[in-house]
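These notes concern the structure reproduced below.
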Amino acid sequence: MTSIESAVSAVQARVGYAAKHLETGRELGLRADEVFFLASTFKVPLLVALNKLVDAGRIDPNQRVELTDADRVPGSSVLKELAAGLNPTVHDLATLMIIVSDNTATDLVYGLVGKDFLHATLDELGLTNTRIPMTIRELLYSICGMDPANPDHTYAEADAVLNQSRIWPPVHISTPS
Numbered sequence: 111m112t113s114i115e116s117a118v119s120a121v122q123a124r125v126g127y128a129a130k131h132l133e134t135g136r137e138l139g140l141r142a143d144e145v146f147f148l149a150s151t152f153k154v155p156l157l158v159a160l161n162k163l164v165d166a167g168r169i170d171p172n173q174r175v176e177l178t179d180a181d182r183v184p185g186s187s188v189l190k191e192l193a194a195g196l197n198p199t200v201h202d203l204a205t206l207m208i209i210v211s212d213n214t215a216t217d218l219v220y221g222l223v224g225k226d227f228l229h230a231t232l233d234e235l236g237l238t239n240t241r242i243p244m245t246i247r248e249l250l251y252s253i254c255g256m257d258p259a260n261p262d263h264t265y266a267e268a269d270a271v272l273n274q275s276r277i278w279p280p281v282h283i284s285t286p287s
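This note's numbering puts the first residue of the sequence shown at 111, with every later residue one more than the last.
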């Protein structure tokens with residue numbers, strides 16, 4: 111049994127993976143043709159698409175993007191905790207997206223890249239069955255039964271619903287007495 115097979119057999123869930131060595135063309139996989147929810151792994155091809163736009167001179171990595179209250183996204187995020195009016199660079203957003211899986215930064219990058227360009231990039235990478243049809247805000251609000259376009263459905267409400275659900279357990283940190 112390979113180390114990958116051993117690791118997968120220990121997981122109490124349906125697991126799939128696919129990998130291809132780009133130089134040799136060697137492939138390996140398990141359930142490689144099945145559809146899986148990407149979760150935060152979609153941030154990697156989003157970063158690739160962003161870098162393509164930077165390399166083409168269509169996005170300046172030093173461009174500043176203003177953070178507004180409307181930009182806040184529930185879940186993993188440093189930016190959601192910071193004051194509105196902050197102006198991180200595109201590079202800052204990409205860094206937060208990848209290093210700490212910041213959902214707010216991710217949605218701001220998604221807005222810069224655009225769904226069509228992201229899907230074209232996925233196609234170029236041979237990931238023709240991979241699609242990222244919505245932002246993280248849209249996904250999380252839909253889980254809550256909320257409409258992200260409705261101004262009456264607030265970030266605070268979505269965050270509270272997610273924190274009270276079994277889908278999104280709050281993190282409890284105990285301190286020694």
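All C-beta atoms in this analysis are idealised placements derived from N, C-alpha and C, irrespective of residue type, glycine included.
Here the structure is a predicted model, which means the values were calculated and not measured.
Cβ neighbours of residue i in the same chain (closer than 6 Å, five flanking residues each side left out)
| i | result |
| --- | --- |
| residue 146 | 126 |
| residue 141 | 126 |
| residue 243 | none |
| residue 211 | 150 and 186 |
| residue 172 | 199 |
| residue 246 | 183, 213, 216 and 217 |
| residue 271 | 254 |
| residue 267 | none |
Extent of the continuous beta strand (DSSP E) run through residue i
| i | result |
| --- | --- |
| residue 130 | 127–130 |
| residue 139 | 137–140 |
Assigned exposure category for residue i - 16 Cβ within 10 Å defines buried
| i | result |
| --- | --- |
| residue 213 | buried |
| residue 156 | buried |
| residue 230 | exposed |
| residue 190 | buried |
| residue 120 | exposed |
| residue 154 | exposed |
| residue 209 | exposed |
| residue 130 | exposed |
Limits of the unbroken alpha helix (DSSP H) element including residue i
| i | result |
| --- | --- |
| residue 119 | 113–119 |
| residue 252 | 246–253 |
| residue 233 | 225–234 |
| residue 263 | Looking at the DSSP string, residue 263 is not in any alpha helix (DSSP H), and its letter there is neither H nor E. |
| residue 190 | From DSSP, residue 190 is part of no alpha helix (DSSP H); its letter is neither H nor E. |
| residue 149 | Taken as a continuous stretch (DSSP letters only), residue 149 belongs to no alpha helix (DSSP H), as it is neither H nor E. |
| residue 181 | It is not in any alpha helix (DSSP H) - residue 181 carries neither H nor E in the DSSP assignment. |
| residue 200 | 200–209 |
Neighbourhood of residue i by C-beta distance below 7 Å, restricted to the same chain and skipping five residues each side
| i | result |
| --- | --- |
| residue 118 | 125 and 140 |
| residue 196 | 177 |
| residue 194 | 177, 178 and 179 |
| residue 188 | 206, 210 and 212 |
Proximal residues to residue i (C-beta, below 8 Å), its chain only, five neighbours per side dropped
| i | result |
| --- | --- |
| residue 158 | 231 and 235 |
| residue 241 | 229 and 232 |
| residue 93 | Residue 93 lies beyond the stretch modelled for the chain, which goes from 111 to 287, so this question has no answer here. |
| residue 160 | 169, 200, 204, 219, 222 and 223 |
| residue 256 | 263, 267, 268 and 271 |
Check your understanding: Between the segment 196–205 and the segment 132–141, are three or more C-beta pairs nearer than 8 Å?
Key -> no
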